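Structure, as structure tokens:
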Amino acid sequence: MRNMAGKEAREAVGEYKAGWHDPENATIRFDFGLSEQVVRDISALKNEPDWMTEIRVKAFHHFENRPMPTWGNMSMLEEIDFDSICYYLRSSDATENDWDDVPDNIRDTFDKLGIPEAEQKWLSGVTAQYESEAVYHSIREDLEQQGVIFLDMDSGLKEYPELVKKWFCSVIPYQDNKFSALNTAVWSGGSFIYVPKGVHVEMPVQAYFRINAKNMGQFERTLIIADEGSSIHYVEGCTAPTYSTDSLHSAVVELIALPGAHIRYSTVQNWSANVYNLVTKRGIAHENAKIEWVDGNIGSKLTMKYPAVILKGEGSHAEVISVAYSGKGQHQDAGAKIHHLASNTTSKILSKSISKDGGRGSYRGMVTVSPKAENCKLNVVCDALILDDGSRSDTYPTMEVANPSARCEHEASVSKVSDEQLFYLMSRGHSEEEALAMIVNGFFEPFTRELPMEYAVELNKLMALEMEGSIG
Amino acid sequence: MATDIPVLEISNLHAGIDDTPILRGIELEVPAGEIHAIMGRNGSGKTTTANIIMGHPDFEVTDGGVELNGENLLEMEPWERARAGVFLSFQYPQAVPGLQVGNFLRKSVAAIRGEDEAKGAEFRKRLKDAMTELDIDRSFLGRYVNDGFSGGEKKRFEILQLMLLQPKLAILDETDSGLDIDGIRTVAKGINAAIRGTDSGALIITHYSRILEHVQPDKVHVLIKGRIVKSGGPELALELEERGYEWLEKEAEKSA
Ligand SMILES: Nc1ncnc2c1ncn2[C@@H]1O[C@H](COP(=O)(O)OP(=O)(O)O)[C@@H](O)[C@H]1O
Ligand SMILES: [Mg+2]
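Protein sequences appear in the order of chains A and B.
Residue numbers 0 to 471, in numbering that gives the first Met the number 0, belong to the letters of the first sequence in order.
Residue numbers 0 to 255, in numbering that gives the first Met the number 0, belong to the letters of the second sequence in order.
This is the structure we're talking about:
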């Protein structure tokens, strides 16, 4: 469309609303760079059992020897300077369970992000991580009484070493990829959750991850075990300040849904545009269990993330619903992986991606059905919406079906916002930006309706901000 | 406000797209409380006229003016025109997947008539009444705007918006096509309710006279090749029905 909203606004970096940073008040800060000594120091600092130190060191050597992926955005990956990243930074010496005890500037940050408020209104528990460590943690008493364990990962290892030892790296071995090796070597923080048999955690628990320092590496590690017939909804959010140099976020998340359990894991990723987000997420679903990844990627410089589910037990079900927004200088390389190992398993992948201002969105998906898995059903839908000519969207779908009884559906579409659609909405009193936001939010609606209402509203607001001044 | 200022005044309007002229000197006045019809064959410029009044950015006005109650519309953005009181019922309403009808209606009423008009029990009652009048089921509110709507549903939805937005000027582009006779009657009821006895005006664009039997127009204008070649009372619509457009086209050629 011609001669409409101002062009300068499009260039404004101020659109990212979580880009402020606090003065850095480190109580412990490691020098830049990574070595076996750094890995051992992290482990020693945390007083970890030997087996954990050993696995960290092994993972470190694997990381060192493992080449970078030869797919995805290789040129962006090559730009990562592992020597100029801080691998451990502690800003508060304790994990508090009262916001009043959290250091002022950190508490202010989480206040601005609305975390304590959300906690009071609609959450079962909250963990707030700042740099490398959790600074706040709480869980509702009634859940604790029912035996639900919800801790930051470091406390989880201290208090339940046997449980952690049993499941740690059981879904994602450190050798899985270069970044799972890195995470295993230097992990710090993240959540540890165990839901006992038959317990349903009604309200979601939330983790919020904030990077504050420059050139920071955040490597949280999350492990969720839902015992037979239990259910839990875990929600995570994240932001970081806008800096001119890059930070690295590389998490590993392992989910175990035992027979009949239900885990839903929702993410609204809104890192600033200087953060590499290279995350490995995978769950194992046992008989009749259900795992859902609801994954929203709005921020970051480069995201490479393909939430995966291994359908190990008969009758299990997997869903990956994701949206990705790629703006100026961003590449969202996201997707899903599902492996049907057992009979009568079902899966659904819905991927929605929007690219704008030269941004690039890629859907990379893999669904496999093993020869022994009878009567599986799989459904893959990927839709892309491209907002202007310089932006890009690609899909790389793979299906390997080794059992002929499987029923597979696959749909893909790429569309553009049409001038006629915008004109229709403008004729109803909506400015061009509002009209675009309506179209974009509508496109994302199949995703947002899966989120808790508060998150859906937040996401819609975020997208409206992204559309501001976007039409030249 | 002086009542002799027409709701819509188009004078010597020349417009086109990519240097191709489409409208060549349209003159038209719709006084308050009146309903006028524009008739003409496909391609004569009816939708273009509507688009230009609403402010479609693809068209370029090369000469002439368009005023709403004496206010120059041509300098306004489409949404400003909407807020000033122009409403267009589209010949081809656009689908917006994922945008719920109920939510869209509320937002549009808020944008055009103000936040207060889009809230509370009063809004809900107006919405319910209008839907009843147009024979629209409640479940409609949860559907996505024009997404998978039948032709008739789209047209009813346009009229529902007309009734809620209460514009100063309503332009209805081929609202009758795609409707059966019951649909036309229902929609005509909606138009009459929105315009008659108010100080608003309407422009009904059609190439059949059917809808005009139910919405008695005060005037009928015939558009040929971007020009209004004849204006008359409702009887002109009937004459066109009987005789077609050729005789007028010949007259127009002679005078051109
Ligand atoms: N967007 C457009 N691009 C190019 N030509 C157009 C466009 N819109 C209309 N026209 C041309 O303008 C003329 C009038 O079209 P239109 O106003 O749609 O007619 P009507 O509504 O009376 O059927 C036609 O010749 C048509 O091809
Ligand atoms: Mg037309």
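We treat Cβ as the ideally placed atom computed from N, Cα and C, and that holds for glycine.
Just so it is clear, the structure is predicted and the values come from calculations on it, not from any experiment.
Ordered along the chain, which non-local residues of its own chain (more than five positions away) have a Cβ less than 6 Å from that of residue i?
i: ARG281 of chain A; result: VAL170, ILE171, ALA307
i: ILE192 of chain A; result: PHE149, ILE223
i: ALA17 of chain A; result: THR238
i: ALA250 of chain A; result: GLU219, VAL278
i: MET162 of chain B; result: ALA129, GLY189, ALA193
i: LYS153 of chain B; result: PRO92, ASN145
Among the residues of its own chain, which have a CB less than 7 Å from the CB of residue i, if the five just before and after it don't count?
i: SER229 of chain A; result: VAL194, PRO195, LYS196, GLY197, VAL198, HIS199, ALA260
i: ASP217 of chain B; result: GLU33, ILE34, HIS35
i: MET202 of chain A; result: TRP121, LEU122, SER123
i: ASN374 of chain A; result: SER342, ASN343, SER404
i: GLU8 of chain B; result: GLU28, GLU66
i: ILE21 of chain B; result: ALA14, GLY15, GLY44, THR47, GLY225
i: GLU47 of chain A; result: LEU156
i: LEU73 of chain B; result: VAL60, GLY64, VAL65
i: GLU248 of chain B; result: ILE223
i: GLU158 of chain A; result: LEU150
i: PHE62 of chain A; result: LYS177, ALA180, LEU181, ALA184
i: VAL101 of chain A; result: SER91, GLU95, VAL134, TYR135
i: VAL212 of chain A; result: For the record, residue 212 of chain A in the displayed sequence is Ala; it is not Val. If we look at ALA212 of chain A and ignore the five residues flanking it on each side, its Cβ neighbours are GLU23, CYS85, LEU88, GLU130.
What distance in whole Å lies between the Cβ atoms of residue j and residue i, which are believed to be in contact at a cut-off of 8 Å?
i: LEU377 of chain A; j: HIS339 of chain A; result: 7 Å
i: VAL125 of chain A; j: GLN205 of chain A; result: 5 Å
i: ILE254 of chain A; j: ASP226 of chain A; result: Reading the sequence as shown, one finds Leu at residue 254 of chain A and not Ile. Rounded, the Cβ-Cβ distance is 13 Å, inconsistent with contact.
i: ALA117 of chain B; j: ARG125 of chain B; result: Rounded, the Cβ-Cβ distance is 10 Å, inconsistent with contact.
i: ARG55 of chain A; j: ALA180 of chain A; result: No, ARG55 of chain A and ALA180 of chain A are not in contact; Cβ-Cβ is about 10 Å, not under 8 Å.
i: LEU384 of chain A; j: VAL416 of chain A; result: 7 Å
i: ILE183 of chain B; j: LEU87 of chain B; result: Not really, about 19 Å apart at Cβ, beyond 8 Å.
i: ARG209 of chain A; j: THR108 of chain A; result: 6 Å
i: ASN273 of chain A; j: TYR324 of chain A; result: Going by Cβ atoms, the distance from ASN273 of chain A to TYR324 of chain A rounds to 16 Å, so no, they are not a contact pair.
i: GLY97 of chain B; j: PRO445 of chain A; result: 7 Å
i: LYS110 of chain B; j: ARG427 of chain A; result: The amino acid at residue 110 of chain B is misidentified as Lys; the sequence shows Ala. That belief holds up - the Cβ atoms of ALA110 of chain B and ARG427 of chain A are roughly 7 Å apart, short of 8 Å.
i: ASN269 of chain A; j: SER246 of chain A; result: Not quite, the Cβ-Cβ distance comes to about 14 Å (not below 8 Å), so this is no contact.
i: MET75 of chain A; j: HIS330 of chain A; result: 6 Å
Decide if residue i is buried, meaning its Cβ has at least 16 other Cβ atoms within 10 Å, or exposed.
i: GLY147 of chain B; result: exposed
i: THR61 of chain B; result: exposed
i: VAL456 of chain A; result: exposed
i: TRP186 of chain A; result: buried
i: TRP78 of chain B; result: buried
i: PRO5 of chain B; result: buried
i: TRP292 of chain A; result: buried
i: TRP246 of chain B; result: exposed
i: ILE180 of chain B; result: exposed
i: ARG155 of chain B; result: buried
i: GLN256 of chain B; result: No information on residue 256 of chain B is available, as it lies outside the stretch 0 to 255 that chain B covers here.
i: GLY146 of chain A; result: exposed
i: SER149 of chain B; result: exposed
i: SER361 of chain A; result: buried
i: ARG363 of chain A; result: buried
i: VAL108 of chain B; result: buried
In the DSSP output, what is residue i paired with across the bridge?
i: ARG391 of chain A; result: A:ARG359
i: TYR143 of chain B; result: B:GLN99
i: CYS85 of chain A; result: A:PHE31, A:MET215
i: HIS35 of chain B; result: B:LEU202, B:LYS218
i: PRO160 of chain A; result: PRO160 of chain A pairs with nothing; no bridge assigned.
i: ALA288 of chain A; result: None, per the DSSP bridge assignment.
i: TYR135 of chain A; result: A:GLU95, A:ALA127
i: PRO20 of chain B; result: B:GLY15
i: ALA317 of chain A; result: A:ILE290, A:SER346
i: TYR275 of chain A; result: A:LEU247, A:LEU301
i: ASN71 of chain B; result: B:GLU66
i: PRO396 of chain A; result: A:GLY364
i: GLN268 of chain A; result: A:CYS237, A:ASN296
i: TYR207 of chain A; result: A:ALA127, A:GLY236
i: ASN378 of chain A; result: A:LYS347, A:GLU408
Residues in its own chain within less than 8 Å of residue i by CB, not counting five upstream and five downstream?
i: GLU399 of chain A; result: MET365, VAL366, THR367, VAL368
i: ARG89 of chain A; result: ALA25, THR26, ILE27, ARG28, GLU130, SER131, GLU132
i: MET75 of chain B; result: GLY54, ALA83
i: ASP172 of chain B; result: LYS45, THR46, ALA49, LEU87, SER88, PHE89, GLN90, ILE204
i: PHE58 of chain B; result: ALA14, GLY15, ILE16, ILE21, THR47, ASN50, ILE51
Note to self: Just to be sure I understand the criterion: a residue counts if its Cβ is closer than 5 Å to at least one heavy atom of ligand 1. Which residues meet that?
What the structure shows: Working through the chain, the matches are B:ILE16, B:ILE21, B:ASN41, B:GLY42, B:SER43, B:GLY44, B:LYS45, B:THR46, B:THR47.
Next item on the list: Check each residue of the segment 438 to 463 of chain A: if its Cβ is closer than 8 Å to any Cβ of chain E, include it; give the result in chain order.
Entry: In the structure shown, chain E does not exist; the protein chains are A and B.
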